Amino acid sequence: MTVAIHWFRRDLRLADNPALTHAAQSGAVLPVFILESDTPLGGASRAWLHRSLMALNASLNGTLRVYAGNPADILPRLAKDHGATTLTWTRRYDAPGIARDTALKSALRDQGLDVHSANGTLLWEPMEVNKSDGTPYRVFTPFFRKGCAAAAPPRAPLAWPNITLLNAPNPTSIDDLHLCPTPAWDQDVLSDWTPGEQGATDRLQTFLSQGLTGYKDGRDIPSAPHVSRLSPHLAFGEISPNTVWHTAKTCPPSNDREHFLSELGWREFSYNLLFHNPDMDWQNLNRKFDAFPWRDAPEALAAWQTGKTGIPIVDAGMRELWQTGYMHNRVRMIVASFLVKNLLVHWHHGLAWFHDTLFDADPANNPASWQWVAGSGADAAPYFRIFNPVTQSTRFDPQGHYLRRYVPELARLSDKNIHAPWEAPPEALHHAGIALGTDYPHPIVDLRESRQGALAAYDRIKGMPV
DNA sequence: TGAAATGTTGGGGCG
DNA sequence: ACGCCCCAACATTTC
């Protein structure tokens, strides 16, 4: 029997994995994972990856070979050692990854291998969705409503593959990748998560049966169970977007369902932007932001990172992130807006922190979303959007459930006072046992003044040619 | 997938 | 009964 290597990357699943299925149809499968050093993962991602690889290896009967290093060194040698004739992988869409894959593909073909890459990550590959003039979309709504709708509908999930695993000793160990942190904070932080394909499938079922009804409005309420929490699973490819899409489609039609599907569309949009703007992780999409007067404010950045800004909704979000490796989407927008607009700290710093601390840190979603909030990205709004964290907190966490969970020192304040404790009457603070500056910080900036500062900063670049 | 400033309306207190 | 003012509630406009 011939041997086919499947190189796992961000497609850590067996179900609906076109490249893996191709390998399985070509011969006995030798599954491989390579920890590459070119695009370093954050700490949270590494901890997640460890568990995800353990789960994948278990479902592959312990045959998953794991390496750290350069695929261009490892794969040709592995193919030679096992006489492999086929090598498959799932395509990626970041420029460095594409360049490495292209070079590797031609090297392996020169070696005589049948190299097969497939789309296992996106509903629509970036090449499929363009405006009628051939240029890429820069605005989400027409991208999704026109571009995606005009392209071929998302492929239906593949049947479970019939895989014959290559029977050979596995000399490698996932532990040798040293993905687990020391000290071992991952136990607590991962306690609410189940990395791996089964955990992803269970999450989808739980969400569709319990969270989808009421999603359209409930998704904005950080204390409500109306978000899917599929993002880390999607980021590592433990479930395919096609499976999510088509399974959701089996639910009765509703505004809730369509809104959820459009959120998958945002993910597609981010990957489309990344494909067409490969330096999106550091270069402003809107180049006039190159002249934006960012501040160098390490102490403000540190206060933001550690959840000590004195703005309860911001601190709650940053503490949720630190404690759980996740943050509710509405709160992500609020904390990001606060960093880049009120603190005038460059979105690069926010991006780097999210990259390090989010389990779902994604090469496309993370930069696209930070640029969206900063104003330098793909946002159709004709004005400079600045969130008021107190207004957002009052609107989306009116009873303070979310605030009290993550900022417990404020728990005894009333629903009215908890959103802006610096405005609370002294007797209310005293009654709640809070001395501002001791038990909870004074706000590190005045919201009204810093809003004016952001508008003034924007004034300096808004007239510039794009 | 905003917020603030400005405009409009309508009810109640009061001379 | 009437006009006037105040202000909350809502709507519209503007950045």
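Just add 514 to the spot in the first sequence (first one is 1) and you have my numbering. From the three backbone atoms N, C-alpha and C, an ideal C-beta is built for every residue, glycine too. The structure displayed is predicted, hence computed values, not measured ones.
Next item on the list: Would you kindly work out how many angstroms separate the C-alpha atoms of A538 and L601, rounded to a whole number?
Entry: 11 angstroms
Notebook entry, point to check: Do G710 and L549 have their CB atoms nearer than 9 angstroms?
Noted result: no
Checklist line | Host alpha helix (DSSP H) of D624 (start-end) | finding: 609 to 624
Next item on the list: Please state if the CB of N681 and the CB of A542 are separated by a distance shorter than 9 angstroms.
Entry: yes
Next item on the list: Starting from F522, follow the beta strand (DSSP E) in both directions and report where the run begins and ends.
Entry: Segment 517 to 522, the beta strand (DSSP E) holding F522.
Check: Which runs of the alpha helix (DSSP H) spanning at least 4 residues fall entirely within the segment 698 to 782, listed in chain order?
Finding: DSSP runs (the alpha helix (DSSP H)) wholly in the segment 698 to 782: 700 to 703, 711 to 720, 729 to 732, 745 to 749, 755 to 763.
Checklist line | Reference P554, options N902, I958, P877, closest by Cα | finding: P877
Next item on the list: Using the DSSP secondary-structure output, state which residues sit across from D689 in a beta bridge.
Entry: DSSP, once it has assigned bridges, lists no residue as partnering D689.
Margin query: Once the 5 residues before and after Q724 are set aside, which same chain residues still bring their CB inside 7 angstroms of it?
Written below: P739
Margin query: At the level of alpha carbons, what is the spacing between L578 and H520?
Written below: 10 angstroms
Check: Under 9 angstroms, do I900 and K930 count as touching if we go by C-beta distance?
Finding: no
Item checked: C-beta contact flag for L1004 and L528 at 9 angstroms -> Summary: the structure shown does not reach residue 1004, with the chain confined to residues 515 through 980, and so no result is reported for it.
Check: Using the beta-carbon count (16 or more within 10 Å), is W455 buried or exposed?
Finding: No answer is possible for residue 455: it lies beyond the span of the chain, which begins at 515 and ends at 980.
Check: Is T599 helix, strand or coil when you go by DSSP?
Finding: T599 carries a strand assignment under DSSP once its states are collapsed to helix, strand and coil.
Next item on the list: Please name the residue in F803, R652, R669, M847 whose C-alpha comes closest to that of V887.
Entry: M847
Checklist line | Buried or exposed by the 16-neighbour rule on C-beta atoms within 10 Å, applied to W707 | finding: buried
Margin query: Can you confirm whether the segment 830 to 846 touches the segment 861 to 877 when touching is taken to mean that 3 or more C-beta pairs between the two stretches lie within less than 8 angstroms?
Written below: yes
Check: In chain order, what residues of the same chain have a beta carbon less than 8 angstroms from the beta carbon of W674, not counting five sequence neighbours either side?
Finding: L528, A529
Check: So, do the segment 802 to 812 and the segment 625 to 643 have three or more beta carbon pairs nearer to each other than 8 angstroms?
Finding: No contact exists between the segment 802 to 812 and the segment 625 to 643.
Check: Which residues in the same chain as F852 place their Cβ atom closer than 6 angstroms to its Cβ, once the five residues preceding and following it in sequence are excluded?
Finding: V828, P903
Checklist line | Environment of V653 [buried if 16+ CB atoms lie within 10 Å] | finding: Exposed, by the Cβ-count rule.
Check: With E782 and L872 assumed to form a contact (beta carbons below 8 angstroms), what rounded beta-carbon distance in angstroms separates them?
Finding: Wrong, their Cβ atoms sit about 19 angstroms apart, outside the cutoff.
Next item on the list: Provide the residue span of the beta strand (DSSP E) that contains V629, from first to last.
Entry: Run containing V629: 628 to 632, per the beta strand (DSSP E) assignment.
Note to self: Using 8 angstroms as the cut-off, can you tell me whether the segment 631 to 648 makes contact with the segment 726 to 734, which would need three or more C-beta pairs spanning the two stretches below that distance?
What the structure shows: no
Margin query: For a quick check, are the C-beta atoms of Y920 and G977 less than 9 angstroms apart?
Written below: Against a cut-off of 9 angstroms, the Cβ pair of G977 and Y920 comes out as no contact.
Check: What residue range is occupied by the uninterrupted alpha helix (DSSP H) comprising L467?
Finding: The chain is shown only over 515 to 980; residue 467 falls outside these bounds and no answer can be derived.
Check: Would you call N756 buried or exposed, if buried means 16 or more other Cβ atoms sit within 10 Å of its Cβ?
Finding: buried
Check: What whole-angstrom Cβ distance do P695 and A561 have, given they're in contact under 8 angstroms?
Finding: 6 angstroms
Margin query: On a Cα-Cα basis, can you pick out the residue from T761, V859, S754, A817 that is closest to F803?
Written below: V859
Check: R579 by DSSP, collapsed to three states: which one?
Finding: In the structure shown, R579 adopts extended strand secondary structure according to DSSP, grouped into three states.
Note to self: Looking only at its chain, what residues have a beta carbon closer than 8 angstroms to the beta carbon of Y581, apart from the 5 residues adjacent to it on each side?
What the structure shows: V546, F547, I548, L549, I588, T686, listed in sequence order.
Next item on the list: Evaluate N462 with the Cβ neighbour count: other Cβ atoms within 10 Å of its Cβ, from every protein chain shown; 16 or more gives buried, anything less gives exposed.
Entry: This structure cannot settle anything about residue 462, because the visible part of the chain is limited to 515 through 980.
Next item on the list: Measure from the alpha carbon of D595 to the alpha carbon of each residue in W603, R606, A518, then state which is nearest.
Entry: A518
Check: Where does A805 land, buried or exposed, given buried means 16+ other C-beta within 10 angstroms?
Finding: exposed
Margin query: Using a 10 Å radius around the Cβ and a threshold of 16 neighbouring Cβ atoms, would you call M641 buried or exposed?
Written below: exposed
Next item on the list: Would you check if the distance between the CB atom of L744 and the CB atom of K763 is smaller than 9 angstroms?
Entry: Annotated as distal: L744 and K763, with beta-carbon spacing of 9 angstroms or more.
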